[in-house]
Each structure stands twice: as C-alpha cells, then as structure tokens.
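Peer 1: Pasting a structure below so you can have a look.
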Amino acid sequence: MELHFFPGQKLLLALHITGNNQVKVAGRYEAWSGPSTGGTDPRMPEEPTWPGEYIIAKAKVYLTPSWKLSGIKWGTPLQDKPSINDVWYRIKPQTWASVKKDHAISRKDIIRLHFELYQIRTVPPTWVFNDFGPVVIMWFEDRNNNKQLDGDETLSGQFFHTTPENEAQVSANLPVTFKNSHGCIHLHPKDRNLLFSQGFFNPGTPFTIHSYYERYLEKPL
58 MELHFFPGQK LLLALHITGN NQVKVAGRYE AWSGPSTGGT DPRMPEEPTW
108 PGEYIIAKAK VYLTPSWKLS GIKWGTPLQD KPSINDVWYR IKPQTWASVK
158 KDHAISRKDI IRLHFELYQI RTVPPTWVFN DFGPVVIMWF EDRNNNKQLD
208 GDETLSGQFF HTTPENEAQV SANLPVTFKN SHGCIHLHPK DRNLLFSQGF
258 FNPGTPFTIH SYYERYLEKP L
C-alpha cells in the first residue's frame, strides 16, 4: 500500500503495489493542501504543504493552544448552563469545567458557532468545533528507512484532517466544499473513514507528497 498526494491537482491516490511492482489505483480522493505560496492569515500564515517521502506514523485526537477552538477534544460532552450564562465541558468522567473560564469561549459564542455550522441556535451535546476534526493522521520523514519513528526523526507539523465545516456538511447530507489549508491536507470525512477501513492510514504506510507542479497522468509512479 502507498499514498500519493498531488497538491497541484488536489488529488490523493491510494495505491496497491503487487509483487511484480505493478501499480493498481485503489482510490482517488479530492484533498486540499496549503497554497503553493505563503498566505497572510494573521492567526497563522498559510504555508505550502511540504513535498517529500514520508511514513504514516499514527492517528490521534489533536489539541493545540495555537487555535482557540482546538483546546477541547472533538466529541467532548457539554452541559448547557443558561442560568449562569456558561457551558461546561467534561474533563473527567465525573468532573466538569467551564468553557468560558478555561478557554475564553462564551455560551453566546458556542451558540453562534453551532448556528454557523448546523443552522440551529443551541448548545450542542458535544464539542464539534475543534479545527482539526475528530482525528488527525500524522507522518514523518523516515531518515533511516526502517519505517519506525526513532533516532532524530520527528513528526511533521502538517497532517491529514477534516474540518468542522466539512463534518457539518456531511451530517446534513450537503455537498462538501473545500478551501486551502494552512499547510495540512484536508479530506472529505467519508474518504477519511474509507481510507482508515482499508488500512491506508495504518502506521508504516509509505506516503509521498509530490510538488505542486507534478501531475498524475495515469501511468506508473
């Protein structure tokens, strides 16, 4: 199994490689990269998705203080507390904390965000605003060619993920609309699930990001 991403074509290929090195395309998926040149987002400038040969490392739920809505895990249970104008989120099985106090996100903000995504003015039962979706798929450059993350190797700061907008579109059976990322690779939520089920996101899968100028032309890679 191999994955190949052509950012200039917004194309992710899932390939099976047979014993005699014959290439069979198992799937073609729309996927969006960062722009080919840097961006100007004041929160964090967009950057190109870095070409290279990598290895899929792992999937994980992603948290980061760099993005305000991404300090809470996707799917974290919420409790609406209108009497105190707050929303609580569960941090342990029997322990809840204030979203407003811990993350400076108000109940009004949460209702507005949910309306923008789902057209319903309410506090949802779970957190559906993490910018990186339910899970990210991480990769690394395998400098010693053993398909293990070891030595001086580190995880890339770019990875596969979906977006809250795309997750909401799928939940409403609406067409999924993409836009350039800040450097990660954005996927359709259903394609992410399919690639997981077929084993393409298993640790150890080779993954190549081609240059923005390369094109897949229906011939062996």
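If you read the sequence shown in our numbering, its first letter stands for residue 58, the second for the next number, and so on. Here a beta-carbon is modelled for each residue, glycine too, at the ideal position from N, C-alpha and C.
Among the residues of its own chain, which have a CB less than 8 Å from the CB of Ser-213, if the five just before and after it don't count?
Peer 2: Within the sequence shown, the letter at position 156 stands for residue 213. Result list for Ser-213: Trp-107, Tyr-111, Met-195, Trp-196, Phe-197, Glu-198, in chain order.
Peer 1: Inspect the CB distances between the stretch 241-252 and the stretch 205-219 and report whether three or more fall short of 8 Å.
Peer 2: Yes, they touch.
Peer 1: Give me the Cα-Cα distance between Val-144 and Asn-202, rounded to the nearest whole angstrom.
Peer 2: For the purposes of this step, residue 144 is identified with residue 87 of the sequence shown, where counting begins at 1. For the purposes of this step, residue 202 is identified with residue 145 of the sequence shown, where counting begins at 1. Val-144 and Asn-202: Cα-Cα distance of roughly 48 Å.
Peer 1: For Ala-229 and Asn-259, I'd like the C-alpha separation in whole angstroms.
Peer 2: The residue labelled residue 229 in the question sits at position 172 within the sequence shown. The residue labelled residue 259 in the question sits at position 202 within the sequence shown. Cα to Cα, the separation comes out at about 29 Å.
Peer 1: Between the stretch 86-101 and the stretch 63-74, are three or more C-beta pairs nearer than 8 Å?
Peer 2: In short, these stretches touch, since the Cβ pair count reaches three.
Peer 1: For Leu-206 and Tyr-119, I'd like the C-alpha separation in whole angstroms.
Peer 2: On the sequence shown, position 149 is the one that residue 206 refers to. On the sequence shown, position 62 is the one that residue 119 refers to. When rounded, the distance between both Cα atoms is 18 Å.
Peer 1: Between the Cα of Val-233 and the Cα atoms of Lys-149, Pro-221, Cys-241, which residue gives the shortest distance?
Peer 2: Reading the sequence shown from its first residue, position 176 is the one you call residue 233. Residue Pro-221 is the option with its Cα nearest to Val-233.
Peer 1: From Pro-122 to Asn-78, what does the alpha carbon distance come to, in whole angstroms?
Peer 2: As a working mapping, residue 122 is identified with position 65 in the sequence shown. As a working mapping, residue 78 is identified with position 21 in the sequence shown. Taking the straight line joining both Cα atoms gives about 44 Å.
Peer 1: Please classify Lys-158 as buried or exposed, where buried requires at least 16 other C-beta atoms within 10 Å of its C-beta.
Peer 2: Along the sequence shown, read from residue 1 onward, the residue named residue 158 stands at position 101. That one is exposed.
Peer 1: Using the C-alpha atoms, what's the distance from Ala-114 back to His-73?
Peer 2: Counted from its first residue, the sequence shown places residue 73 at position 16. Counted from its first residue, the sequence shown places residue 114 at position 57. Distance between the alpha carbons of His-73 and Ala-114: 19 Å.
Peer 1: Can the beta-carbon of Ile-167 be found closer than 8 Å to that of Val-156?
Peer 2: Mapped onto the sequence shown, residue 167 falls at position 110. Mapped onto the sequence shown, residue 156 falls at position 99. In this structure, Val-156 lies closer than 8 Å to Ile-167 by Cβ.
Peer 1: Spatial neighbours of Ser-93 within its chain, please: CB distance less than 6 Å, with the 5 preceding and 5 following residues excluded, ordered by chain position.
Peer 2: Mapped onto the sequence shown, residue 93 falls at position 36. So the list reads Pro-105, Tyr-269, once near-sequence residues are dropped.
Peer 1: With the cut-off set at 8 Å, would you say Asp-188 and Ser-127 are in Cβ contact?
Peer 2: By one-based count along the sequence shown, residue 188 stands at place 131. By one-based count along the sequence shown, residue 127 stands at place 70. Yes. Within cutoff.
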